[in-house]
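> Residue numbers (full-length UniProt numbering), protein chains in the order written: chain A, 1 to 159; chain B, 1 to 159. C-beta: ideal position from N, C-alpha, C; glycine also. On a predicted model such as this, the values are computed, not experimentally measured, just so you know.
2 protein chains.
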Amino acid sequence: MTAPHPPLPDDAELLRLDHQICFSLHAAARAFGGVYRDALKDLGLTYPQYLAMLVLWEEPDPQPVKAIGERLRLDSGTLSPLLKRLEAAGLVARERSAEDERSVVVRVTEAGEGLRERALPVPRSIAAASGLSLQDARTLRGLLERLTESLDAAQAGER
Amino acid sequence: MTAPHPPLPDDAELLRLDHQICFSLHAAARAFGGVYRDALKDLGLTYPQYLAMLVLWEEPDPQPVKAIGERLRLDSGTLSPLLKRLEAAGLVARERSAEDERSVVVRVTEAGEGLRERALPVPRSIAAASGLSLQDARTLRGLLERLTESLDAAQAGER
DNA sequence: CACGATTAAGTTGTGCACAACTAAGTTGTG
DNA sequence: CACAACTTAGTTGTGCACAACTTAATCGTG
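#1: Any Cβ of chain A within less than 8 Å of the Cβ of residue 35 of chain B?
#2: Please list the residues of the segment 116-144 of chain A that have a C-beta atom closer than 8 Å to any C-beta atom in chain B, keeping them in chain order.
#3: Please list, in chain order, the chain A residues whose beta carbon lies closer than 7 Å to that of residue 76 of chain B.
#4: Any residues in the segment 19-32 of chain A with a beta carbon nearer than 8 Å to a beta carbon of chain B? Which ones, in chain order?
#5: Using CA atoms only, rank isn't needed, just tell me which of B:140, B:35 and B:41 is closest to residue 128 of chain B.
#6: Nearest CA to the CA of residue 144 of chain A: which residue from B:125, B:131 and B:54?
#7: What residue from B:80, B:54, B:21 and B:60 has the CA that sits closest to residue 115 of chain B's CA?
#8: Under 8 Å, do residue 123 of chain B and residue 26 of chain A count as touching if we go by C-beta distance?
#9: Leaving out five residues before and five after residue 57 of chain A in sequence, what residues of the same chain have Cβ atoms less than 7 Å from its Cβ?
#10: Pick out the complete alpha helix (DSSP H) segments inside the UniProt domain "HTH marR-type" (18-149) of chain B, 4 residues or longer, and give them in chain order.
#11: Any chance the segment 96-105 of chain A sits against the segment 37-52 of chain A, with 3 or more Cβ pairs inside 8 Å?
#12: Could you tell me which chain B residues have their CB closer than 8 Å to the CB of residue 155 of chain A, listed as they occur along the chain?
#13: Given a cut-off of 8 Å on the beta-carbon distance, is the pair residue 105 of chain A and residue 92 of chain A in contact?
#14: When you compare the CB positions of residue 51 of chain A and residue 65 of chain A, do they come within less than 8 Å of one another, or not?
#15: According to the Cβ coordinates, are residue 138 of chain A and residue 140 of chain B closer than 8 Å?
#16: I think residue 72 of chain A touches residue 32 of chain B, with their Cβ atoms under 8 Å apart; what is that distance to the nearest whole Å?
#17: For chain B, find out if any of its Cβ atoms is closer than 8 Å to the Cβ of residue 80 of chain A; answer yes or no.
#18: For the putative contact between residue 126 of chain A and residue 22 of chain B, defined by C-beta atoms under 8 Å, what is the C-beta separation to the nearest angstrom?
#19: Relative to the alpha-carbon of residue 163 of chain A, which residue among B:146, B:88, B:89 and B:119 has its alpha-carbon at the smallest distance?
#20: Given residue 37 of chain B, which residues of its chain have a CB within under 7 Å of its CB, disregarding the five upstream and five downstream residues?
#21: Is there a Cβ from chain A that is less than 8 Å from the Cβ of residue 148 of chain B?
#22: Looking at C-alpha atoms only, which residue of B:121, B:135, B:78 and B:86 is the closest neighbour of residue 111 of chain B?
#23: Can you say whether residue 120 of chain A is buried or exposed, counting buried as having 16 or more other CB atoms within 10 angstroms of its CB?
#24: For residue 149 of chain B and residue 155 of chain B, I'd like the C-alpha separation in whole angstroms.
#25: Hey, does residue 107 of chain B have any beta-carbon neighbour from chain A nearer than 8 Å?
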């Protein structure tokens, strides 16, 4: 599709590369998971639970499950039990919305706000573990976002 | 740690970026999963099962579970049931090694070899879905590999 | 040779991801 | 207004990932 290169035909190299990329991607995602597991152990949160709390901490107002799912790219099949566990841990409260009774809004409890303080050092330890320069981090994020967009579009097209 | 940039102090930007990266990384990994799910549906394989078959197809000889786990960065807790499902599907056979009876070697059956042909077009459809240029694919793979290495090293250091 | 340490695979339990489905509420249109 | 289409959560079932543990075989050292 693009540039010349001697050792392999572009086509073959791209195939191999794509292979290695999805491979590396999974490996990297799991490696991140491991580092977060360590960093979050004391808080009693898993990584996806932490992500959900981040979304909730971001806004002062309670947020519907739908909105959380859109931010995290997760459906209710994943979020419902996750949020129930956060509720069981006392970090959030779930209530049917008054305006639209289909919707359930999730609110951070006082304990959940308290946890926020203790979670503050987490991003720094992750950043340190990642070992990326600011430059590389920007490049990587950009590529990942474009990649996800393409993949989602391709998948939507298949259906 | 590196270059100048006005809007945010480097430090704060790096924190935010790392956040977004692990976020994008998970999103991209899951998006890949979705595309593979479609591509592999007809073969009756999940994405991790496909990866295991790739490792087995790569070598003519049967491979011990250990070796597969090292290639895929997975432990027996994940691989044992996965390989059992592949065996139930008739794609592989598992036998205790004669030399070392602790070890179980996994062999591709005739049906498993047959599937190989049908799996040939998969990488191409994935490459198309990724929408990456050869250049970007190389950059991405490089960054992901460095990232995983750093994360693994950091985690090993924690323990 | 004996026996503790190590290694390989498997098992169990917890949690995430997602497809397929259900239940209940809301909206749009005739 | 009635009712079909849609939306939002939740449930169920399957599979992956991983920690902690068990079992059985092998290795190393005295």
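In brief:
#1: Along the second sequence, one-based indexing puts residue 35 of chain B at 35. Cβ-Cβ to chain A under 8 Å: yes for residue 35 of chain B.
#2: Answer set for the segment 116-144 of chain A: 123, 124, 126, 127, 128, 129, 130, 131, 132, 133, 134, 135, 136, 137, 138, 139, 140, 141, 143 and 144.
#3: For the purposes of this step, residue 76 of chain B is taken as the residue at position 76 of the second sequence. Residues of chain A passing the Cβ test: none, with the nearest at roughly 16 Å.
#4: From the segment 19-32 of chain A, only 19, 20, 21, 22, 23, 24, 25, 26, 27, 28, 29, 30, 31 and 32 have a Cβ closer than 8 Å to chain B.
#5: Along the second sequence, read from residue 1 onward, the residue named residue 128 of chain B stands at position 128. When each option's Cα is compared against that of residue 128 of chain B, the closest is B:35.
#6: On the first sequence, position 144 is the one that residue 144 of chain A refers to. Sorting B:125, B:131 and B:54 by C-alpha distance to the C-alpha of residue 144 of chain A places B:131 at the top.
#7: In the second sequence, residue 115 of chain B corresponds to position 115, counting from 1. Comparing Cα-Cα distances from residue 115 of chain B to each of B:80, B:54, B:21 and B:60, the minimum goes to B:54.
#8: Start at 1 with the first residue of the second sequence, and residue 123 of chain B comes out as number 123. Start at 1 with the first residue of the first sequence, and residue 26 of chain A comes out as number 26. Not closer than 8 Å, so no.
#9: The sequence position of residue 57 of chain A within the first sequence is 57, counting from 1. So the qualifying residues of the chain are 108 and 116.
#10: Fully enclosed alpha helix (DSSP H) runs of 4 or longer: 47-58, 65-72, 76-88, 110-119 and 122-130.
#11: No, the segment 96-105 of chain A is not in contact with the segment 37-52 of chain A.
#12: If you number the first sequence from 1, residue 155 of chain A lands on position 155. Chain B residues near residue 155 of chain A: 31, 34, 35, 38 and 129.
#13: The residue given as residue 105 of chain A occupies position 105 in the first sequence. The residue given as residue 92 of chain A occupies position 92 in the first sequence. Cβ atoms of residue 105 of chain A and residue 92 of chain A: not closer than 8 Å.
#14: In the first sequence, the residue the question calls residue 51 of chain A occupies position 51. In the first sequence, the residue the question calls residue 65 of chain A occupies position 65. Against a cut-off of 8 Å, the Cβ pair of residue 65 of chain A and residue 51 of chain A comes out as no contact.
#15: Sequence index remark: in the first sequence, residue 138 of chain A carries index 138 (1-based). Sequence index remark: in the second sequence, residue 140 of chain B carries index 140 (1-based). Between residue 138 of chain A and residue 140 of chain B, the CB-CB gap reaches or exceeds 8 Å.
#16: Here residue 72 of chain A refers to the residue found at position 72 when the first sequence is read from its first residue. Here residue 32 of chain B refers to the residue found at position 32 when the second sequence is read from its first residue. With a Cβ gap of about 17 Å, residue 72 of chain A and residue 32 of chain B do not count as contacting.
#17: Here residue 80 of chain A corresponds to residue number 80 of the first sequence, with the count starting at 1. Answer no: the Cβ-Cβ gap between residue 80 of chain A and chain B never drops below 8 Å.
#18: As a position in the first sequence, residue 126 of chain A is number 126, starting the count at 1. As a position in the second sequence, residue 22 of chain B is number 22, starting the count at 1. Distance from residue 126 of chain A to residue 22 of chain B at the Cβ level is roughly 7 Å; contact confirmed, criterion being Cβ atoms closer than 8 Å.
#19: Nothing about residue 163 of chain A can be reported from this structure: the residues present for chain A run from 1 to 159 only.
#20: As a first step, residue 37 of chain B is located in the second sequence; it is residue number 37 there, counting from the start. These residues qualify, in order along the chain: 47.
#21: By 1-based counting over the second sequence, the position of residue 148 of chain B is 148. For residue 148 of chain B, the answer is yes, since a Cβ of chain A falls inside 8 Å of its Cβ.
#22: Locating residue 111 of chain B in the second sequence gives position 111, where the first residue counts as 1. Selected option, being the one with the closest Cα: B:86.
#23: Taking the first sequence and counting its residues from 1, the one referred to as residue 120 of chain A is at position 120. Residue 120 of chain A should be labelled exposed.
#24: As a first step, residue 149 of chain B must be located in the second sequence, where it is residue number 149. As a first step, residue 155 of chain B must be located in the second sequence, where it is residue number 155. One C-alpha to the other measures close to 10 Å.
#25: For the purposes of this step, residue 107 of chain B is identified with residue 107 of the second sequence, where counting begins at 1. No, its Cβ sits nowhere closer than 8 Å to a Cβ of chain A.
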